Amino acid sequence: MERSFVMFKPDCLERRLLGRILARFEDKGLRLLAMKMLLVTPAMSRQHYAEHVSKPFYPALEQFITGAPVVATVMEGPEAVRVIREILGATSGLKAAAGTIRGDYSSSRQMNLVHASDSPESAAREIAIYFKADEVVAWDPTLACWLQAPDEKD
Ligand code: CMP
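Add 6 to the 1-based position in the sequence shown for the working numbering, that's all there is to it.
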């Protein structure tokens with residue numbers, strides 16, 4: 007089992023796509039462990055996007071990500087980091103494959119609806135920016151036995 011930090015960005019909420027897009031992750035069988043609506047502050051943005059702060063697009067990214075509410079979540083599942091990024095598709099909505107969230111709903115590099123961690127290490131770092139340890143609920147949904155056979159679990 008792996009955890010990922012998944013954040014529904016301002017464009018997702020402003021465009022009223024949250025319910026439909028969240029349903030894709032639920033439909034896949036990913037477990038929701040934490041969920042919070044908040045306004046990202048410039049300081050949080052700089053922490054979250056530390057690797058992008060010096061890039062030319064960062065000022066616009068910060069303005070976008072702090073400009074309206076986001077919904078931050080923690081999701082868990084087998085190979086969750088890779089699986090979730092494949093559900094999202096390529097960064098740019100124009101390049102993302104049809105059938106992915108970005109391919110179906112976005113035509114932008116910046117307004118690409120959802121952020122997801124790119125490694126388990128990034129997930130741990132990003133989760134700690136948005137959630138206290140006791141806000142992340144480890145649980146075993148009753149349905150889990152219908153999502154994977156016992157011999158598929160590592
Ligand atoms: P995300 O997956 O959240 O990671 C970094 C974010 O920066 C990315 O999604 C986009 O929202 C944004 N981004 C990445 N590349 C560009 C770019 N070339 N121009 C504008 N925004 C970008």
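Think of the CB as a built atom: it goes at the ideal place given N, C-alpha and C, for glycine as much as any other residue.
If you're wondering where the values come from, they're calculated on a predicted model, not measured in any experiment.
Have a look at residue i and residue j and give me their C-alpha separation to the nearest angstrom.
i	j	result
D124	N118	15 Å
C151	P48	42 Å
L23	K42	16 Å
R91	A122	6 Å
A139	A40	10 Å
G96	A104	According to the sequence shown, residue 96 is Ala rather than Gly. Their Cα atoms are separated by approximately 10 Å.
R237	E32	There is no way to answer for residue 237, as the model of the chain reaches only from 7 to 160.
I135	M50	7 Å
E57	Y64	10 Å
S98	G83	25 Å
L153	P126	22 Å
A66	P156	47 Å
E20	L28	15 Å
D110	R26	12 Å
L94	K101	12 Å
From the DSSP output, read off the bridge partner residues of residue i.
i	result
S51	None; S51 has no bridge partner.
V77	F14 and M43
H121	M13
T106	A104
Does residue i come out as helix, strand or coil in the three-state DSSP assignment?
i	result
K34	helix
T148	helix
E8	strand
G83	strand
A96	coil
P62	coil
F70	helix
S113	coil
V89	helix
R131	helix
V26	Position check: residue 26 holds Arg in this sequence, whereas Val was assumed. DSSP places R26 in helix when its eight states are reduced to three.
Can you tell me whether residue i is buried or exposed? The criterion is at least 16 other CB atoms within 10 Å of its CB, across all chains shown.
i	result
M7	exposed
D17	buried
A144	exposed
R108	buried
L149	exposed
S112	buried
S60	exposed
K159	exposed
For the ligand ZN, is there a heavy atom less than 7 Å away from the beta-carbon of residue i?
i	result
F14	The ligand ZN is absent from the structure shown, which contains only the ligand CMP.
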